[in-house]
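Below: the structure, in structure tokens.
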Amino acid sequence: MADVSVERVEDISRHDMNDLCDAAEAAIEEGGGFGWIDVPQRNVLENYWRGVMLVPERTLFVGRLDGVISGSAQLGRPTKNNEAQSHAGNLTTNFVAPWARGYGIGLKLIQEVETLAREEGFEVLNLDVRATQEAAIGRYDSLGFVRWGENPYYARVEGNWVAGYHFYKVLNPETSE
Ligand SMILES: CC(C)(COP(=O)(O)OP(=O)(O)OC[C@H]1O[C@@H](n2cnc3c(N)ncnc32)[C@H](O)[C@@H]1OP(=O)(O)O)[C@@H](O)C(=O)NCCC(=O)NCCS
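To convert, take the position in the sequence shown, counting from 1, and add 60; that gives this note's numbering.
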């Protein structure tokens, strides 16, 4: 049976960094690369992940299949000045490498982000996604995220506009009336 796990990353070993970059590259090549269109140079990708871990408003989670890092997700928090939106976290960078899909890693990553957001007192979790990402959209629907908007100019890929959907989820409906 496949061994699936998800963990919060505070520090990352060289070995895990290589696996995280490999997983990200595979997702970018397949077309679901959290904004990247072309695979960046390895040092650019490594610096991206190191940067994520340095930013206090971000928390990185990684998923593993049989011990190998195969995907990620982040909780993004509003900056200190944004008092009006201090109730809302953001789910970003949710991807799983194609070879590790279908084992529930994507689901676990979203659940971990949601759990942390709830623990930290956030009342709402926001996210946005390209309209072409059917698996992700199906998953967000099934987890109770509400699609509230569509942006026809969300992304541009190889000269073509790609629409995007915006979702929110109320994390504590009983206290958020
Ligand atoms: C979305 C993604 C993270 C899911 O990763 P995963 O580890 O395979 O996810 P899970 O195994 O938890 O669940 C996959 C679910 O998607 C469903 N699915 C797969 N392809 C699908 C499709 N084309 N349309 C609808 N549902 C689909 C599966 O049936 C499964 O649902 P089930 O558990 O109810 O059967 C992964 O597909 C991915 O990285 N996609 C590209 C990046 C992306 O779109 N990220 C979201 C940006 S916010």
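Glycine included, every Cβ here is placed at the ideal spot set by N, Cα and C.
Relative to ligand 1, Arg161 has its C-beta within less than 8 Å of a heavy atom.
Exposure of Asp71 is indicated by the presence of fewer than 16 other C-beta atoms within 10 angstroms of its C-beta. Only buried fits Tyr225, as 16 or more other CB atoms lie within 10 angstroms of its CB.
Residues Gly93, Phe94, Gly131, Phe155, Val156, Ala157, Pro158 of the same chain have their beta carbon placed closer than 8 Å to that of Ala87, with the five preceding and five following residues left out of the count. In terms of Cβ geometry, Glu194 and Lys229 do not form a close pair [threshold 9 Å]. With 16 or more other CB atoms across the displayed protein chains lying within 10 angstroms of its CB, Gly149 is buried. Relative to ligand 1, even the nearest heavy atom lies 8 Å or more away from the CB of Glu89.
Distances from the CB of Asp188 to the heavy atoms of ligand 1 include at least one below 8 Å.
The beta carbon of Val128 sits closer than 6 Å to those of Asp79, all from its chain and outside the five residues before and after it, given in chain order. For Lys168, no beta strand (DSSP E) run applies; the uninterrupted alpha helix (DSSP H) run containing it begins and ends at 165-179, by DSSP. The beta carbon of Gly166 sits closer than 7 Å to the beta carbons of Gly131, Asn154, Val156, Arg199 from its chain, once the five residues preceding and following it are set aside; these are given in chain order.
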